[in-house]
Amino acid sequence: MDPLEIARWQFGITTVYHFWLVPLTLGLGPVVAIMQTLWVRTGNEQYLRMTKFWGKLYLINFILGVATGIVQEFQFGMAWSEYSRFVGDVFGAPLAMEGLLAFFFESTFLGLWIFGWSRLPKRMHLAALWIAVAGSLVSAFFIIVANSWMQHPVGVKLVNGHPVMTDIWAVLTNNTALNAWSHTLCGAFCVGGAFLLGIAWYHLWRRRRDGIDTVDATGRVVVGEAPEIPGRDRTDHRVWLSSLRMGAVVAIVAFAGVAITGDAQAKLMFQQQPMKMAAAEAACQTGTSFSVLSLGDVGSADCSNVVGVIEIPGLLSFLANGNMTTTVKGVDALVPEYQAKYGATLPDNPIYGSRAGEAIRYVPIMAVTYWGFRLMILFGALAAFAAAVALWLTRKGTVPGSVWIMRLAILGIQAPFAASAAGWIFTEMGRQPFVVAPNPTPGGIDGVFMYTAAAVSPGVTAGELLFSLIALTLVYGALMVVEVRLMVRYIRGGVVSAMPELAAHDDTPTTPTDRDSDDVLSFAY
Amino acid sequence: MEILPTVWFVVIAVLWTGYLVLEGFDLGVGMHLLVSARTETDRRVMLNSIGPVWDGNEVWLVTAGAATFAAFPFWYASLFSALYLPLVAVLLGLIFRAVAIEYRGKGASDRWRRVWTLALGAGSFVAAFGIGALLALTTTGLPLDANGDRVGGPWAWFSPWAIVGGLAVVGFCLVHSSAFLALKTDGPVRVAARRRTVAWTPLAVIPIVVWVVGVQLRHGSIVTWSLVVLAVAALVWGWVAARASCEGQAFAGIALFLVLGVAAIFGASYPVVLPSTLDPAWSLTVATASSSPYTLGVMSWVAAFGVPLVIAYQAWSYWVFRRRISGAHIPEPHAVLPAVRR
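So the sequences go chain by chain: A and B.
Residues in the first sequence are numbered from 1 upward in steps of one, following my numbering.
Residues in the second sequence are numbered from 1001 upward in steps of one, following my numbering.
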C-alpha cells in the first residue's frame, strides 16, 4: 500500500465532500439575508416566511460544512507534514487570517442570528446575519488565497530551498486568487439559485396537485388556500413564486458571472500552468483549434491515441489569448520544456522514498482534466438554461402540473453542485504532479515548486492513513444520508416546518419583538 | 531571546487557553447531557445554555491550529503528524458533537434523540480527551527524529502523559461545565450542577494538577511555580465560592485556575515547543520551529487587531444571551409533517 496514494484519496474525498456543502452555504446565505432585509424594510409577512424557511435549510447544511471544515485544516499537518514544513511560512498565514478575521465572525454572529430572533432589536438581528454571511464570503477568500498560492506561488523568495514570504500583499492580491474567488462565488450563487428554484417548484407543483391552486382558461393561476394544511394559505403561494423567481434570476445572473470570470481564469491558467490547460483540451499538438470532442484514449500519457473529432479552428487561441491566430502549445511541446526545466526524474532524495529516481509524469490524467473541464461547463450551462426555461414556464404565476418536470427541477438542483465539484477536481488534478505548481512561462514564477510525491508525512504509515480514509468516508457517507433525509423532511413540511407558530394560530404574524420578555425561546435545540 | 517567536508562543498559549476556557464548558455540557441529565427537559436546558455560543467557541481551536501552522509550521507538522490516530479520533468526535447539537432537536422520536445524545456525549468526551493528550504530549515529548518525524509506528506517541493529559481536560470540562450550568440555568439543572461542582471538583482536578506539577518538576522556575500556587489558590477560591453558592465566583475561580495552570505549563516548557524523547538536540524550540520574522510580523498585526476584536464581540454575544435558561423557556418539540392534502 502506498501512503501517498491513500493520502491523496483522503484529501480528494474529504475536500470534494466539504465543497459539496460549502457552495450552498456561500450561495444561500446572501439570499436569505436579502429576504430578511426585504422583511425588515417592508414588514411583509411573505418575506419573513421566506427567511425562516430558507434559513432553516441553510442551517441544516451549514453545520455539516463547519464539522468537515476542521478536518481540512488539520489534515495538512497530519497527512502532509512535509508540505506543511515546506510552505508553512506563507501558506499558514491566510489560514490563520481566515480563522481570526472571518470564521470567528461567521460562527459568533450566526449564533446571534439563530437565537437572537427575540433577543435582539430587528435591525441588529438583521445585521448579525449580514455579518455572518460576509464572514463566510471572506472566509472563502482566504482559503482560495491559500489554494491559489499553490497554483501561482507569488510573494516569496527562496531561502535554503524553502519559500519565505516577502510580500503578504502580493499573496493576498494574487491574480489567480482574485479570479478563482469571484469564479467560485459566482458558482456558489448558481448553486443557491438552483436550490431555491427546485424546491420552490416542488411546492408550487404540490399546491396544484392538492387542488389548492388551479389555472384558468388562459393558463393564469387562480390562487386558493387549504385551511386544513398549516401554512397552505394565499401568502404561501407568493412565498414559493417569489423564491422560484429569485432563484432563477440569481442562477442566470450568477452563470453570466461564472462565464466571465471563468474566461479570465482560463486565460491566466494558459499563462501560469500551460500543461493544465493543454491537458484540459487534450491538446496534444500545438495549434489554435478547440476540441469540442476528442475520441480515443484521452487518458494516455503520450497522446498517441487522441483523435480530435470535432474541432473549432481558432477557438482555443481565442480562449487563451483573445485572438484567433496565436498558437497554443500542446502537450507534446510542453513535456520536453518541463523536463528541461525541472528534470526528467525525481531527485535522489530520501524524501521521495522508493519513488526517488522515478520518471516524472508531467501530463495530468487527461481523462480527468478533459472531462472535468467539460462537465463543469456543461452542468453550469445546463443550470442556467433550465433557470431561463423555468422563468418562462412560470410566467403565468404557477408551474405546469407535470410531475416529470417537477422531478427535473429537483434533479436540476444537483447540476451546479456537480459543476463546482468538476471544476475543483479539474484544477486540483490538473496541477499534478506538483502540489505547488511552477509557472514555466516567460515572466512566470518558475523556481518555487514542490512535487506531490514529496509532500506526504514521512512518519505516518499506510495503515493509519487507510484507517482514517475508511473511517472518514463511512462517517461522511452516513452523515450525508442523515442530512439529505432531514432536508427532505423539512422541505416537504413547507414553511410551517420552520415556523411552527403558523400551525398554532392561523396566519397572524408572530414575531416577538419585546427583547427582555421572559417567554419561551423563539428557537431552541 | 527572539522577540517575535516568543510573542507568538504567547499568542498560541492564549489561543489554547481561550479554547479550553470556552469550549471547556461546551464539551463538558455535552458529556453531562449523556451522564448527568435526568429528564429530556434537563437535557434541552443544558443544550440550550451553550446553544448560541458553542460554534464561536470552537473557532478558538481552528484558530489555534491555523496560528500554529502560520507561526510555527514545524511544530504544527511534527505534532499533528505524530499524533495521527488521536487526531482522527478528535476530528470524528468534533464532527459528531457538532452535528448532534444541530440535528438532535430536529427529530421527534425518542430513538433519534437517544442516538444524538450518545453522539454528543461520546463525541465531546473523545474530543476533550484527545485535545488533552495532544497538549500534554507537546509539553512532555514525542519520539521524533532529526527531521521532526515520529519514529516507531502508529502508537509510538503513547505515554502515560497522554492519559494524564486526556483525563486532565476531561476532568476540567466536567467541573467547569458544572459551574457554567449553575451560572447559566435555573431550576433542577442549576441545583444539581451546583452540587456537582462542589462534589466533583476535588477529584476531577487531580490529573490536571499531576500534569502541571509534572512539567514544573522538569523545567519549573520560580515564576512558573508561583503561577502554580496562584492557580491552586484560584481553585480553592472557586470551590469555596461554589460551596457558598456564589455561582459567578465559582465559575471565575475554576476558569482562573485553568488560565494560570496553562500559563505555568507553557511558561515552564518555553522555549521548547515539542521535546524529542530520542535526542534533546532534536527538540523543536520557538527559534527552530518558527516562521520568518516577516511572516511573524504580518501575523502580529493581524493578531493585534483580530484577537481583541474577537474577544469584544464574543463577550457581547454572552451579554446578549446572559439570561438563565430553565425548563419554562424550552418550547414544545414540534413534529415536521409533509404539507400535503391527504
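Note that CB positions come from ideal geometry on N, CA and C, so glycine has one too.
Strand pairing of residue i, partner residues [DSSP]
i, result
"MET450/A", "VAL436/A"
"PHE546/A", "An answer regarding residue 546/A cannot be provided, because it is not within the stretch 1 to 525 covered by chain A."
"ALA359/A", "THR345/A"
"LEU1227/B", "Paired residue(s): none; LEU1227/B is not in a bridge."
"LYS157/A", "VAL164/A"
"LEU1284/B", "LEU1274/B"
"LEU1144/B", "ARG1150/B"
"THR37/A", "In the DSSP output, where bridge partners are listed per residue, THR37/A has none listed."
"THR214/A", "VAL222/A"
"ILE1325/B", "THR1185/B"
"VAL565/A", "Residue 565/A is absent from the structure shown; chain A starts at 1 and stops at 525."
Contacts around residue i, its chain only, beta-carbon distance under 8 Å, and the 5 residues preceding and following it disregarded
i, result
"MET487/A", "LEU57, ILE60 and ASN61"
"ILE445/A", "HIS152, PRO153, VAL154, PRO438 and ASN439"
"ASP507/A", "Note that ASP507/A has pLDDT 46, beneath the 50 cutoff, so the model's placement of it is unreliable and the number below is only indicative. Excluding sequence neighbours, ASP507/A sits near GLU45, ASP233 and THR235."
"VAL1014/B", "VAL1307"
Same chain, Cβ closer than 7 Å to residue i, five either side skipped, listed in chain order
i, result
"GLY1141/B", "PRO1275, SER1276 and THR1277"
"ALA359/A", "ALA344 and THR345"
"ASN179/A", "THR261, ALA264, GLN265 and LEU268"
"ASN349/A", "ALA356"
"SER397/A", "Inspection of the sequence shows that residue 397/A is occupied by Gly rather than by Ser. Within the same chain, GLY397/A has close Cβ partners ARG220, VAL221 and LEU241."
"PHE86/A", "HIS162 and MET450"
"ILE410/A", "GLY198 and TYR202"
"ALA278/A", "LYS329, GLY330, VAL331 and LEU334"
"PRO1293/B", "LEU1004"
Per-residue burial, residue i [other beta carbons within 10 Å of its own, 16 or more giving buried]
i, result
"PRO1160/B", "exposed"
"ASP514/A", "Unreliable placement is indicated for ASP514/A, whose pLDDT of 45 sits below 50; the coordinate value is still reported in the next sentence. Looking at its Cβ environment, which holds fewer than 16 other Cβ atoms inside 10 Å, ASP514/A is exposed."
"ILE1222/B", "exposed"
"GLY493/A", "buried"
"GLY322/A", "exposed"
"GLU1102/B", "buried"
"SER1109/B", "exposed"
"PRO313/A", "exposed"
"ALA280/A", "buried"
"LYS341/A", "exposed"
"PHE91/A", "buried"
"ASP89/A", "buried"
"PHE1305/B", "exposed"
"TRP1301/B", "exposed"
"THR1139/B", "buried"
"GLU1058/B", "buried"
Beta-carbon gap between residue i and residue j smaller than 7 Å
i, j, result
"LEU334/A", "PRO274/A", "yes"
"GLY459/A", "ASP1279/B", "no"
"GLY1030/B", "SER1124/B", "yes"
"LEU1120/B", "VAL71/A", "no"
"TRP1211/B", "ALA1268/B", "no"
"HIS1334/B", "PRO230/A", "no"
"GLY1187/B", "PHE1129/B", "no"
"GLU1023/B", "ALA1287/B", "no"
"GLY1327/B", "VAL1045/B", "yes"
"SER139/A", "ALA177/A", "no"
"GLY330/A", "ALA283/A", "yes"
"THR461/A", "ILE13/A", "no"
"ILE529/A", "PHE195/A", "The requested residue 529/A is not part of the displayed model; chain A covers only 1 to 525."
"SER402/A", "SER81/A", "no"
"GLY27/A", "ALA188/A", "yes"
"GLY1056/B", "HIS1176/B", "no"
Same chain, Cβ closer than 6 Å to residue i, five either side skipped, listed in chain order
i, result
"ALA1242/B", "THR1197, VAL1198 and ALA1250"
"VAL1259/B", "THR1017"
"GLY1105/B", "none"
"ALA1179/B", "THR1197, ALA1250, PHE1251 and ILE1254"
"LEU1083/B", "LEU1134 and TRP1157"
>> Counting beta carbon pairs with one atom in the stretch 113 to 131 of chain A and one in the stretch 382 to 395 of chain A, are three or more of them shorter than 8 Å?
In response: no
>> Across the stretch 222 to 231 of chain A and the stretch 143 to 157 of chain A, are there enough close Cβ pairs to call them in contact, namely three or more that are closer than 8 Å?
In response: no
>> Whether or not the stretch 90 to 108 of chain A and the stretch 116 to 135 of chain A are in contact is what I'm after, with contact meaning three or more pairs of Cβ atoms, one per stretch, closer than 8 Å; do they touch?
In response: yes
> Is the number of C-beta pairs between the stretch 416 to 427 of chain A and the stretch 361 to 378 of chain A that are closer than 8 Å three or more?
Replying inline: yes
> Looking at C-beta atoms only, is the number of pairs between the stretch 470 to 482 of chain A and the stretch 1081 to 1100 of chain B that lie closer than 8 Å three or more?
Replying inline: yes
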